[in-house]
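Quick note: the sequence shown uses my numbering, first residue 6, plus one each step.
Inspection log for the structure reproduced underneath, given as structure tokens.
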Amino acid sequence: MSVVVSLAMRGDTALFEKSLTDRADDFVRISDGARKVGAIHHRFAIGDGFVLVEDEWESAEQFQAFFADAELQKFIAEIGGDVSSEPQMSIARAVRSADQF
Numbered sequence: 006m007s008v009v010v011s012l013a014m015r016g017d018t019a020l021f022e023k024s025l026t027d028r029a030d031d032f033v034r035i036s037d038g039a040r041k042v043g044a045i046h047h048r049f050a051i052g053d054g055f056v057l058v059e060d061e062w063e064s065a066e067q068f069q070a071f072f073a074d075a076e077l078q079k080f081i082a083e084i085g086g087d088v089s090s091e092p093q094m095s096i097a098r099a100v101r102s103a104d105q106f
């Protein structure tokens with residue numbers, strides 16, 4: 006069974022949002038790499054001073070190995086993420102329900 010990862014990271018949300026366009030190729034490259042190592046679904050949202058990441062992965066271990074990569078952490082810092090503070094993270098087992106869409 007897959008896992009759902011919710012991660013909220015503090016940072017410069019204006020820089021992050023600008024990076025979505027300015028560095029779109031980098032986002033695609035990272036996304037392609039994530040799919041190769043277990044990512045199933047991915048989405049961003051922007052809150053008040055934080056970026057929310059909602060992912061589904063084949064396993065928690067695959068996500069954790071991907072997220073710990075030094076190059077990914079460098080990229081996150083370059084696009085406004087505050088890598089000096091620990092993000093709020095929840096990892097939970099995905100379940101099916103009749104109302105799922």
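Just so it is clear, CB atoms sit at the ideal spot from N, CA and C, and this is done for glycine as well.
All values derive from a computational prediction rather than experimental measurement.
(Q) Taking a contact to mean a Cβ-Cβ separation below 8 Å, would you say Ser7 touches Ala82 in this structure? (A) no
Q. Name the DSSP bridge partner or partners of Ala44?
A. Trp62
Q) Does the segment 11-29 touch the segment 91-106, meaning 3 or more C-beta pairs lie closer than 8 Å? A) yes
Q: Over the uninterrupted beta strand (DSSP E) stretch that includes Ala13, give me the two end residues.
A: 8-15
Q) For Phe107 versus Val56, is the C-beta spacing smaller than 8 Å? A) Because the chain spans 6 through 106 in this model, residue 107 falls outside it and cannot be assessed.
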